[in-house]
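Novice: First residue of the sequence shown? That's 1 in our numbering, and the numbers climb one at a time after it. Virtual Cβ for every residue (Gly too), placed ideally from N, Cα, C. Before I ask anything, here is the structure I am working with.
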Amino acid sequence: AIGPYSQGIEIANWVFVSGQLGMQPETGELISPDFAPQARQTLENLRQIVLAAGCDLNCVMAVDVFLTDIGDFAEFNKIYTEYFSVHRPARAVVEVSALPKGAKVEIKCIVYRGGVN
1 AIGPYSQGIE IANWVFVSGQ LGMQPETGEL ISPDFAPQAR QTLENLRQIV LAAGCDLNCV
61 MAVDVFLTDI GDFAEFNKIY TEYFSVHRPA RAVVEVSALP KGAKVEIKCI VYRGGVN
């Protein structure tokens with residue numbers, strides 16, 4: 001974490017995952033200045049937190065994505081489907097003026113331990 005917050009918090013069957021960046025867990029630095037590697041690392045960081053909570057990506061119910069350039073939207077969708085191919089959570093994507101550490105993408109999600117029915 002780069003601030004005073006939890007990576008995720010569990011309440012009953014729900015897990016609320018804080019916004020993730022494309023940082024390497026070992027170093028705390030962005031994996032690359034480029035969008036695609038950051039997007040993949042961000043999704044991988046998100047996946048690892050979901051797994052640590054005893055779930056998988058099929059338990060993700062909602063995803064909020066923040067891009068510093070909405071022009072990356074199409075490329076993001078291609079990368080996103082590498083992680084969410086069949087199961088498609090509710091999702092919002094918004095453009096923001098800046099993100100911490102100069103990141104190009106940040107993603108947060110809400111997980112339900114019951115998964116999709």
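Considering only C-alpha positions, which residue in the set I11, I49, L57, A53 is nearest to H87?
Specialist: L57
Novice: Name the one or two DSSP bridge partners that I49 has.
Specialist: I49 is not bridged to any residue.
Novice: Would you tell me roughly how many angstroms separate the C-alpha atoms of D72 and F35, rounded to the nearest one?
Specialist: 8 Å
Novice: Terminal residues of the continuous alpha helix (DSSP H) containing Y80?
Specialist: Where Y80 is concerned, the enclosing alpha helix (DSSP H) stretches over 73-83.
Novice: Kindly indicate which residue of N45, N13, K108 has the alpha-carbon position closest to the one of M23.
Specialist: When only C-alpha atoms are compared, the closest one is N45.
Novice: Give the secondary structure of I31 by DSSP, where H, G and I count as helix, E and B as strand, and everything else as coil.
Specialist: Coil.
Novice: Does A36 come out as helix, strand or coil in the three-state DSSP assignment?
Specialist: helix
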